[in-house]
Structure formats: structure tokens, C-alpha cells
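S.K.:
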Amino acid sequence: MASQPTADPGAIDLDQLDLTDPQTFLEQELPPMWRRFREQSPVHWHPTEGLMPGFWVLSRYRDVMAVYRDNRTFTSEKGNVLTTLLRGGDSASGKMLAVTDGVRHREIRNLLLKAFAPRVLEPVVEGVRRRTERLVRTAVERGACDFAQDVAEHIPMATIADLLGVPESDRGYLLTLTKQALSAEEAGQSVEESLIARNELLLYFADLAEDRRAEPTEDVVSALATATIDGEPLTEEEIVFNCYSLILGGDETSRLSMICGMRELIEHPVQWKRLRAGDVTVESAVEEVLRWVTPAMHFGRRAVVDTEIGGTRIKAGDIVTMWNTAANYDDAVFAEPDVFDLGRTPNKHVSFGYGPHFCLGAYLGRAEIHAMLTALRTMVTEAELTGPGRPIHSNFLHGYSSLPVSLTPDQAGLARSRTA
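Structure, rendered in C-alpha cells:
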């Protein structure tokens, strides 16, 4: 996992770590930090200052999976990430799929599943392949690029925007808002700026949904705006919040996985050679990139009733956070988890979550990373970093907003791509 460690893992005092502070995830080497959690305090109580509640930190794979599976004991309706859980709730609760449980969750999920079925997405995935190949070919022909800004940014956003029916002219604006809504390139961004970005996204989709309700087209916004459940249309809030969720979820995970995946291929030349030579499949490489990067570091729940996790008593109302970035490096599940192995199998990572809230866009996300790895191994012989990557500032997302690289072309592969 890419990180910028400044602390000695052997000297980590778990009680001194602040997991609400994005800086923690830039200063610590994450796999050793999480190993220490698993060994010393796998169900760890994390206090907070002021009026914010404390929360439980789960770092073992089995505990994380147990909470993901159990949406009766643990609810998402009070928020599903630390930011909202610590504020006391999410305004989208009961309306947006990610923070809705029970019958309404199932109804909205079934509606959206139709738009994300692999059969429906086949032409979309073909578009992903063509777009990715074109972007990588352009970068290779130039010889150098910022892989984050010139390549990876344009693949998932364009794909989810196609699905939602967002006009081309609005996509750059939406990409800027999605970055501001969940993370910042530097530490200076305020909470207020993030909230403003989220509100602007919601207002944008309210306007787009109104247009689509009047003149429906073949896109997900039209489907939501014209859908009925038991004869009743979705509320405006349900439409807008779920568009918001799709644009954020559809962009961030794939984009950050691609950027970090490029960096890891450079830093692990033996694995790059295995991929180039066909010694490992692109499919297994996709799964290892997702495990290694774990772009969404955590999700959270609130306990509905008193319960127990790993022998520790959890009270009703307690916040429980499941750290995917820890579970994906648990040596009880993954052999040599600190080794980046593109041929790893099995690879049952939790980068897309698990259970009733398993990511709707997992198939599409995998297809996007697959397209990137295929294009790179076809058209690139070598890649090098030409400057330091710029890590994003977040306690939720892991990755880079900038990654300058040089790319040495495979002339035969490049020629085939031009004529394809």
C-alpha cells in the first residue's frame, strides 16, 4: 500500500492515534499500524474530543465481515462513514441506498440493479475499453503525463456520467465537485467547503432529474425520475440522493485504484513483468490492485441493540467502524498480505464492502481497472515516476490526486492500438 510513513511502527501507541484526522493516514505506514491494532486491540475503543461520540475500530477480517453481513444488529441509517456518524446522522438517511436499510433499501436496490446488470452494461464496458485505450495511447505517444489527471480522472467519471446521462459540458465541473465533497488535495480545505460541494451536486441532479422527468431518455436519471414502487413514484430526495451517491461511488473507487495501481506497478517491476508476459491474468491483477489499494478505507454502522464483537460488549447506539484497509491485510485470511502479488488467489478482499450494501458498481469498477491494465501492458514497456505523487487528504479515501510518470512505448502494441 502506498503511504508516506514518518513513524516507527514498533513505537505506535494506539491510544495516541487519531483516526478522525486525515493526517494520520499520511504519517503512518498503514499495514504495520493495522497489524498492531489486530494484535493488541482488534476491537478498539477510540475516544474523541468535545461533544463528538467515541467509536469502535474493527481491524480483523472476520469482525469486519460479521458486521457487513448483519444489517439487523447494525444499521447504516445513522450514517455509513465517520464524517456523518460523528455528526449524529446523515440527511439522506432512508432515502439514499447507502444509508437505507430494510424494505426500502431492497426496493431501491432492485430498481438500480436493473441498470447495473452485466448484460445491460456490456456496451458501456466496450465504451470503457475504447476510452481507456485512447487515453493511454495519447499518454504513451507524449512520453510523459500526470497519470492521475491526464488518464485516470477521465475514465470512471465519463463512464458513470454516460450512465446517468450527464452532458459532456458538465463533466469537468462534476469531477471538481466530487473531489471536494469527499477529500482534499491539501490539508487546507474546510468542512464547509466539502458541504458546499455536496450541496452543489445535489442541486445539479435536482435540475437534471426535472429535465429527465419532462423528457426521459435512456439513462439512470430518467429511470429514477420515472420509476414507481408499488405504484408510487420515488420522492425527489430519493432521486437526487441516489444520483449523488452513484456519481461519487462510481468515480472515486475506480479512479483512485487506477492511480495507485499505476504507482504500484512502477514500484514492483517484477509484478509488472509478470503482467506484461502474461504470467498472471489481468483478472487476478485487478483483484490484487483493489486489495492492495483499498481506496475506501472504512465504512461505519451504529449498533441497534446490545451485542458482542470478538468477545467485546457493544452497546446499542455505539458507532462501529469497519476498516477495509486493515481487513485486506489480515494474515489470518491473506497469505503474506504485505506482498504485492498480481497472481494472488484466492483474493476475497472487502474493497467493495460486503453483504446487503455490497457496491452496486463493482462489476463496472472491475471492468475499468481491467481496461487500464490491459492498455498498459499492451502499449507500455516501462514506466517511471518523474516526481512525487500528491496524496489526497482524507480519513475515508486513500490515493493520489497527482502522479507524474514517463511511459516507454511498446511500438508494436501502439501500432496495433492505432489500427484497432
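So the sequence shown is numbered by the working numbering: it starts at 5 and just counts up by one.
Even glycine gets a Cβ: it sits at the ideal position worked out from N, Cα and C.
Is the distance from the Cβ of I251 to the Cβ of T182 below 8 Å?
M.R.: Cβ distance < 8 Å, so I251 and T182 count as in contact.
S.K.: Whose CA, out of G98, E236 and D105, lies closest to the CA of P360?
M.R.: Nearest C-alpha to P360: D105.
S.K.: Looking at A156: is its Cβ nearer than 8 Å to the Cβ of M262?
M.R.: Yes.
S.K.: Exposed or buried, E256, counting other C-beta atoms within 10 Å across all chains shown (16 or more means buried)?
M.R.: E256 comes out buried.
S.K.: If you check the beta carbons only, do E429 and P160 fall under 8 Å apart?
M.R.: The structure shown does not extend to residue 429, since the chain is modelled only from 5 through 424, so no value can be given for it.
S.K.: Whole alpha helix (DSSP H) runs in the segment 21-103 with 4 or more residues, listed along the chain?
M.R.: Segments of the alpha helix (DSSP H) lying fully in the segment 21-103: 28-31, 34-44, 65-73 and 86-91.
S.K.: If we count the other Cβ atoms within 10 Å of its Cβ and call it buried at 16 or more, is D211 buried or exposed?
M.R.: Exposed, because fewer than 16 other Cβ atoms sit within 10 Å of the Cβ of D211.
S.K.: Give me the Cβ distance between I112 and L125, rounded to the nearest whole Å; I'm assuming they're in contact under 8 Å.
M.R.: In fact, because the Cβ distance is near 19 Å, the residues do not count as touching under 8 Å.
S.K.: Where in the segment 109-190 do unbroken runs of the beta strand (DSSP E), each at least 3 residues long, occur, reported from the N-terminal end onward?
M.R.: Segments of the beta strand (DSSP E) lying fully in the segment 109-190: 148-150.
S.K.: To the nearest angstrom, how far is it from the Cα of V132 to the Cα of I164?
M.R.: Distance between the alpha carbons of V132 and I164: 10 Å.
S.K.: What span of residues does the alpha helix (DSSP H) with R306 cover, start to end?
M.R.: No alpha helix (DSSP H) holds R306; the beta strand (DSSP E) holding it covers H302 to A307.
S.K.: Give me whichever residues DSSP pairs with M266 in a beta bridge.
M.R.: For M266, which the question treats as bridged, DSSP gives no partner whatsoever.
S.K.: Could you pull out every residue in the same chain whose Cβ sits closer than 8 Å to the Cβ of P35, ignoring the five residues on either side in sequence?
M.R.: Taken in chain order, the residues that qualify are M5, Y333, P341 and D342.
S.K.: From which residue to which residue does the alpha helix (DSSP H) around E214 run?
M.R.: Note, E214: alpha helix (DSSP H), V195 to A218.
S.K.: Along the alpha helix (DSSP H) that carries R370, what are the first and last residues, could you check?
M.R.: A366 to M383 is the extent of the alpha helix (DSSP H) around R370.
S.K.: Please state the DSSP three-state secondary structure of Y404.
M.R.: DSSP places Y404 in strand when its eight states are reduced to three.
S.K.: Label Q27 either buried or exposed according to how many other C-beta atoms from any shown protein chain fall within 10 Å of its C-beta, with 16 as the threshold for buried.
M.R.: Label assigned to Q27: exposed.
S.K.: Name the two residues that bound the continuous beta strand (DSSP E) containing E312.
M.R.: First-last of the beta strand (DSSP E) with E312: T311 to I313.
S.K.: Please report the distance separating the alpha-carbon of P9 from that of T136.
M.R.: Residue placement at P9 is flagged as unreliable, the pLDDT there being 48, under the threshold of 50; a coordinate-derived value is accordingly withheld.
S.K.: If you measure between the beta carbons of G365 and C264, is that distance less than 8 Å?
M.R.: No, they are not a contact pair.
S.K.: With a threshold of 7 Å on Cβ separation, who are the neighbours of V284 within its own chain once the five nearest residues in sequence on each side are excluded?
M.R.: Taken in chain order, the residues that qualify are R278, L346 and G347.
S.K.: Do the CB positions of V337 and Y65 come within less than 8 Å of each other?
M.R.: Closer than 8 Å, so yes.
S.K.: If you follow the alpha helix (DSSP H) that E423 is in, where does it begin and where does it stop?
M.R.: Per the sequence shown, the amino acid found at residue 423 is Thr instead of Glu. First-last of the alpha helix (DSSP H) with T423: Q415 to T423.
S.K.: Just to confirm my understanding: we take L269, look at its own chain, exclude 5 residues before and 5 after, and list those with CB closer than 6 Å. What are they?
M.R.: W276.
S.K.: Select from S63, G98 and T24 the residue whose C-alpha is nearest the C-alpha of L90.
M.R.: It is T24.
S.K.: Let me know if P399 comes out buried or exposed under the rule of 16 or more other beta-carbons within 10 Å of its beta-carbon.
M.R.: Before going on, a small fix: residue 399 reads as Asn here, not Pro. Looking at its Cβ environment, which holds 16 or more other Cβ atoms inside 10 Å, N399 is buried.
S.K.: Out of curiosity, what's the CA-to-CA distance linking E2 and D414?
M.R.: Residue coverage of the chain in this structure runs from 5 to 424, which leaves residue 2 outside it and unanswerable.
S.K.: Can you tell which of G147, V140, D322 and T423 has its C-alpha closest to the C-alpha of P57?
M.R.: P57 has its Cα closest to that of D322, out of G147, V140, D322 and T423.
S.K.: Assess contact between the segment 82-89 and the segment 347-356, defined as three or more Cβ pairs (one per stretch) separated by less than 8 Å. Is contact present?
M.R.: No, because fewer than three Cβ pairs between the segment 82-89 and the segment 347-356 fall closer than 8 Å, the two stretches do not touch.
S.K.: If I follow the unbroken alpha helix (DSSP H) through T230, where does it start and stop?
M.R.: Where T230 is concerned, the enclosing alpha helix (DSSP H) stretches over V224 to T230.
S.K.: Is the Cβ-Cβ distance between T298 and L62 less than 8 Å?
M.R.: Result no, Cβ atoms of T298 and L62 do not sit closer than 8 Å.
S.K.: Indicate the three-state DSSP secondary structure (helix, strand or coil) for I16 in the structure shown.
M.R.: Three-state DSSP puts I16 in coil, outside helix and strand.
S.K.: By Cβ distance below 7 Å, which residues in the same chain neighbour S406 in space, the five residues on each side in sequence not counted?
M.R.: Only D150, A152, Q153, G393 and R394 meet the Cβ criterion.
S.K.: When the Cα of I313 is compared with those of T329, W49 and F209, which residue comes out closest?
M.R.: Ranking the options by Cα distance to I313, first place goes to W49.
S.K.: Within the same chain, show all residues whose beta-carbon is closer than 7 Å to that of S249, passing over the 5 residues directly before and after it, in chain order.
M.R.: Once the five neighbours on either side are set aside, the close Cβ partners of S249 are M100, L101 and A102.
S.K.: Work out the CA separation of T230 and E31 for me, nearest whole Å.
M.R.: One C-alpha to the other measures close to 48 Å.
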